[in-house]
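Notes follow the structure.
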Amino acid sequence: MDEEGVTIPPTTAPTSTTNDAQKTSTPDTVANTVTTGETAAPTVQPTDPSDADDATEPPQPAPVLCGICNEQPGKYKCTRCKLPFCSVACNKVHKENHPPDPEPPTPTEAKAPETEAESAPASDPKNPFSFLDDSQHLRYLFKRYPNLPRQLLAIVAETDPPTEAQHSTLKEAILAKAAAAGNSKKEQWNHDVGIRKGKEALRKARKADGDLGEGIREYTELIAHLTSQESRNREADALLRQQATQRDADLIRKLIEEEKR
1 MDEEGVTIPP TTAPTSTTND AQKTSTPDTV ANTVTTGETA APTVQPTDPS DADDATEPPQ
61 PAPVLCGICN EQPGKYKCTR CKLPFCSVAC NKVHKENHPP DPEPPTPTEA KAPETEAESA
121 PASDPKNPFS FLDDSQHLRY LFKRYPNLPR QLLAIVAETD PPTEAQHSTL KEAILAKAAA
181 AGNSKKEQWN HDVGIRKGKE ALRKARKADG DLGEGIREYT ELIAHLTSQE SRNREADALL
241 RQQATQRDAD LIRKLIEEEK R
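The UniProt record's numbering numbers the first residue of the sequence shown as 1 and each following residue consecutively.
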């Protein structure tokens, strides 16, 4: 207090922020600050990689339960049906109730349908000679002479017994049979008669003019060549086995053999 009675507050020295910062700073930080003139960035602590893996790891799937008891995890699998089971006891129960394994087909049974399909070629009911198309030579012959199958069918028809005329009433049928019995000059049909008529039809067809006669002549020569003992080969054997199942083709071959006698 002065003489006039006014109280003068005491002068307080200003606080330096720089000094405070220097008091709280480490010697290394002060050195860096003095050297670069910049404030040092705060140090970031590295994170543990295992923490990131734990955060991104997918959830584990639930264990497969035993297919017998449906309580314990299935540790093993059946060797036949792959059903999981947990213990020997469950495996024993499964074996007792397991259906039997199907028996595998034998090789002969598995190949039987294929063999039958191969040995029975598809045949055209309208053309019984269509099975001969398996032969390369005959296939060429039928392609060159389109009328040849029809000619062969006509020759075979001569070996069949004559068809009886259809009668509208029973009286007409009785009279027709009586007239045929009274006509002793009319030749009765039998197997020998059919073969003879077939041979006559074959000779007549071979003497025909143009492609009709040429086709029949080439066909008979080819059949004779395939059936000869000297030239019989694998193709001829297959062809003859097929001809044995075809009545009409067999008759043609017999007619050719009869004509040579």
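Built from N, CA and C at the ideal position, the CB exists for glycine as well.
Asked                                                                                                                                                                                      : Found
Looking at the structure shown, is residue 219 part of a helix, part of a strand, or coil, going by DSSP?                                                                                  : helix
What residue from 213, 69, 63 has the CA that sits closest to residue 148's CA?                                                                                                            : 213
Is residue 151 close to chain B, meaning its C-beta is less than 8 angstroms from at least one C-beta of that chain?                                                                       : The displayed structure is made up of one protein chain only, and chain B is not part of it.
Hey, how far is the Cα of residue 252 from the Cα of residue 188?                                                                                                                          : 22 angstroms
Below 8 angstroms, how does it come out for the region 140 to 160 and the region 193 to 202: are there three or more Cβ pairs, yes or no?                                                  : yes
If the criterion is Cβ atoms closer than 8 angstroms, does the pair residue 219 and residue 141 meet it?                                                                                   : yes
Have a look at residue 81 and residue 92 and give me their C-alpha separation to the nearest angstrom.                                                                                     : 14 angstroms
Are the CB atoms of residue 223 and residue 151 within a distance shorter than 8 angstroms?                                                                                                : no
I need the straight-line Cα distance from residue 86 to residue 61, nearest angstrom please.                                                                                               : 18 angstroms
Taking the alpha-carbon positions, what's the residue 72 to residue 96 distance?                                                                                                           : 20 angstroms
From residue 208 to residue 139, what distance separates their C-alpha atoms?                                                                                                              : 22 angstroms
Along the alpha helix (DSSP H) that carries residue 192, what are the first and last residues, could you check?                                                                            : 191 to 206
According to DSSP, simplified to helix, strand and coil, what is residue 145?                                                                                                              : coil
Less than 8 angstroms between C-beta atoms, sequence neighbours within five positions excluded: which residues of the same chain meet that for residue 162?                                : 189
Answer with buried or exposed for residue 210, where buried requires no fewer than 16 other C-beta atoms within 10 angstroms of its C-beta.                                                : exposed
Go ahead and pull the three-state DSSP assignment for residue 92.                                                                                                                          : helix
Would you report the Cα separation of residue 137 and residue 145, rounded to the nearest angstrom?                                                                                        : 12 angstroms
Measuring only the C-alpha atoms, how far is residue 83 from residue 65?                                                                                                                   : 10 angstroms
State the DSSP-derived secondary structure class of residue 65, mapped to helix, strand or coil.                                                                                           : strand
Tell whether a beta-carbon distance below 8 angstroms holds between residue 259 and residue 202.                                                                                           : yes
Give me, in chain order, the residues of the same chain whose beta-carbon lies closer than 7 angstroms to that of residue 69; leave out the 5 immediate sequence neighbours on both sides. : 86, 90
By Cβ distance below 7 angstroms, which residues in the same chain neighbour residue 75 in space, the five residues on each side in sequence not counted?                                  : 86
Return the Cβ separation of residue 255 and residue 204 in integer angstroms, given the expectation that the two are a contact with Cβ distance under 8 angstroms.                         : With 8 angstroms as the limit, residue 255 and residue 204 do not qualify as a contact, their Cβ atoms being about 12 angstroms apart.
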